[in-house]
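Have a look at the structure below, then the notes.
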Amino acid sequence: MKIAITGGTGFVGSELTKLLQQQGHEIFILTRKKSYSAKGIHYIQWLTKNAKPEEHLQNIDAFVNLAGTSLNEGRWTAERKKDIYESRMVATKEVLRIIRVLDEKPKVLVNASAIGIYPSSKAATYTESSRQVAKDYLGKTVMHWEYEAKKAEKFGVRVAMARFGVILGKDAGALPLMGLPYKLFVGGTVGSGSQWVSWIHIKDVASALCFAVENDRFIGPFNVTAPNPVRMKQVGEIIAATLNRPHWFPAPSILLKLALGEKSQLVLEGQQVLPKVLLAEKFHFEYSTLNTALENLYA
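Mapping the sequence shown onto full-length UniProt numbering, position 80 (from 1) lands on 80, and the numbers just tick up by one.
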């Protein structure tokens, strides 16, 4: 297949590109740099003056839209929040424009999303059929992002929204920051410890995206989380055990709120989210428990 990826050089995009290449697909990564090809990948300029990516994307079979400013980097100032929101809207609108002008439309658009669309809760369990939507900044951002992506349906394109959980990778994602205190022998429970962490290994993220591209039954949202979410206290205990470090210095909520501001909700609040769609379609999770995921990432 010919597959176009936005955000293809980022954390998730890089892992997805590697997997798609291994499977023999032809990859087109949209970038702000000038168009060129290297190591079997076509880099196509977009979102710059006079760029016409559609000229290089005829007969594309699938789009995977991962573009957007990272939630994890920097403090959530008003300017940063505006950039997080607008980067997603601008990229998705441009994907829609490209699809609109292509003579041959892609069969599918798999658009990134996030479980932040669900309200924080220590008691509720969410699946793709849950209708509750968080009223906070993150919930509204994700809701608008998905609404924009769904507009591709009017061009006859199948649209699937990958609601990412807390993605764990060896050198990127949430794990390096979560594991650092333990490596320094000062790790402990973050906040109350009772908040849910709906996590997933980066390799399973890439596999799930491929699965959604190839499976025509993926329409609408699907949760990209491991089937066994855990509470934050357990996350810390498993990190400590895997690294053979103590688990004793708590990080009080008030200190995290002072240090991180509104972004502290990413670690102090959470949701128990289950991947009902992936499980129903018999998707194989290589890392279904946090123990096996961390053993692999810390190997």
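Beta carbons are placed, not taken as given, at the ideal position from N, Cα and C, and that holds for glycine.
One or two residues paired with ALA160 in a DSSP bridge: The residue you call residue 160 lines up with position 160 of the sequence shown. VAL110, GLY220, per the DSSP bridge assignment.
Cβ neighbour criterion (16 or more within 10 Å) applied to ASP204: Counting from 1 along the sequence shown, the entry for residue 204 is found at position 204. Residue burial annotation: ASP204 is buried, with at least 16 other C-beta atoms found within 10 angstroms of its C-beta.
Supposed contact pair TRP199 and ALA241 - C-beta distance, whole angstroms, cut 8 Å: By 1-based counting over the sequence shown, the position of residue 241 is 241. By 1-based counting over the sequence shown, the position of residue 199 is 199. With 8 Å as the limit, ALA241 and TRP199 do not qualify as a contact, their Cβ atoms being about 16 Å apart.
Cβ distance (whole Å) where MET161 is taken to contact ALA149 below 8 Å: For the purposes of this step, residue 161 is taken as residue 161 along the sequence shown, with counting starting at 1. For the purposes of this step, residue 149 is taken as residue 149 along the sequence shown, with counting starting at 1. Contact between MET161 and ALA149 is confirmed by a C-beta separation of about 6 Å, below the 8 Å threshold.
Bridge partners - ASN215, DSSP secondary structure assignment: Residue mapping note: residue 215 aligns to position 215 of the sequence shown, counting from 1. BP columns for ASN215 are empty, so no partner.
C-alpha distance - GLY40 paired with GLY179, whole-angstrom precision: Stepping through the sequence shown from its first residue, residue 40 is reached at position 40. Stepping through the sequence shown from its first residue, residue 179 is reached at position 179. C-alpha separation (whole angstroms): 35 Å.
Whole runs of the beta strand (DSSP E) within the region 2 to 50, excluding any shorter than 3 residues: Taking only runs of at least 3 residues, the beta strand (DSSP E) segments lying wholly in the region 2 to 50 are 2 to 6, 26 to 31, 36 to 38, 41 to 45.
Buried or exposed by the 16-neighbour rule on C-beta atoms within 10 Å, applied to HIS201: The residue given as residue 201 occupies position 201 in the sequence shown. That one is buried.
Straight-line gap, ALA293 to ASN50 (C-alpha atoms, nearest Å): As a first step, residue 293 is located in the sequence shown; it is residue number 293 there, counting from the start. As a first step, residue 50 is located in the sequence shown; it is residue number 50 there, counting from the start. Taking the CA atoms as reference points, ALA293 sits about 44 Å from ASN50.
Length of the line joining the Cα atoms of THR189 and LYS263: As a working mapping, residue 189 is identified with position 189 in the sequence shown. As a working mapping, residue 263 is identified with position 263 in the sequence shown. In a straight line, the C-alpha of THR189 is about 18 Å away from that of LYS263.
Residue span of the beta strand (DSSP E) that contains LEU168, given as start and end: Position 168 of the sequence shown, counting from 1, holds the residue named residue 168. Run containing LEU168: 166 to 168, per the beta strand (DSSP E) assignment.
Own chain residues within Cβ distance below 7 Å of LYS34, not counting five before or after: If you number the sequence shown from 1, residue 34 lands on position 34. The residues are GLN45.
Among LEU266, GLY191, PHE218, GLY8, the one whose alpha carbon lies nearest that of LYS233: Along the sequence shown, read from residue 1 onward, the residue named residue 233 stands at position 233. Ranking LEU266, GLY191, PHE218, GLY8 by CA distance to the CA of LYS233 puts GLY191 first.
Beta-carbon proximity of VAL106 to ILE167, cut-off 7 Å: As a working note, residue 106 is residue 106 in the sequence shown. As a working note, residue 167 is residue 167 in the sequence shown. According to the sequence as given, residue 106 is Pro; it is not Val. Not in contact: PRO106 and ILE167 (Cβ atoms no closer than 7 Å).
First through last residue of the beta strand (DSSP E) which encompasses ASN65: The residue given as residue 65 occupies position 65 in the sequence shown. It spans 62 to 65 - the beta strand (DSSP E) in which ASN65 sits, taken as one unbroken run.
Exposure label - LEU279; buried when at least 16 CB within 10 Å: Against the sequence shown, residue 279 aligns to sequence position 279. Under this definition LEU279 is an exposed residue.
Outcome for ASN244 when other beta-carbon atoms lying within 10 angstroms are tallied against a minimum of 16: As a working note, residue 244 is residue 244 in the sequence shown. The residue is exposed, with fewer than 16 neighbouring Cβ atoms inside 10 Å.
Simplified DSSP assignment, three categories, for residue 324: The chain is shown only over 1 to 299; residue 324 falls outside these bounds and no answer can be derived.
For VAL159 and THR48, the rounded distance between their alpha carbons: Along the sequence shown, read from residue 1 onward, the residue named residue 48 stands at position 48. Along the sequence shown, read from residue 1 onward, the residue named residue 159 stands at position 159. Computed Cα separation, rounded: 26 Å.
Sub-7 Å separation of GLU128 and PHE222 beta-carbons: One-based indexing of the sequence shown puts residue 128 at position 128. One-based indexing of the sequence shown puts residue 222 at position 222. Contact flag set, yes.
VAL12 burial status per 10 Å Cβ neighbour count (16 or more: buried): For the purposes of this step, residue 12 is taken as the residue at position 12 of the sequence shown. That one is buried.
Sufficient close CB pairs (3 or more, under 8 Å) joining the region 92 to 99 to the region 247 to 255: Using a C-beta cut-off of 8 Å, the region 92 to 99 makes no contact with the region 247 to 255, since fewer than three inter-stretch Cβ pairs fall below that distance.
Endpoints, beta strand (DSSP E) assigned at residue 302: No answer is possible for residue 302: it lies beyond the span of the chain, which begins at 1 and ends at 299.
Nearest-angstrom Cα separation, counted from VAL277 out to ASP103: The sequence position of residue 103 within the sequence shown is 103, counting from 1. The sequence position of residue 277 within the sequence shown is 277, counting from 1. Each residue's alpha carbon lies about 32 Å from the other.
Counted within 10 angstroms of its Cβ, other Cβ atoms place ARG88 as buried (16 or more) or exposed: By one-based count along the sequence shown, residue 88 stands at place 88. Taking a 10 Å sphere around the C-beta of ARG88, we find 16 or more other C-beta atoms and assign the residue as buried.
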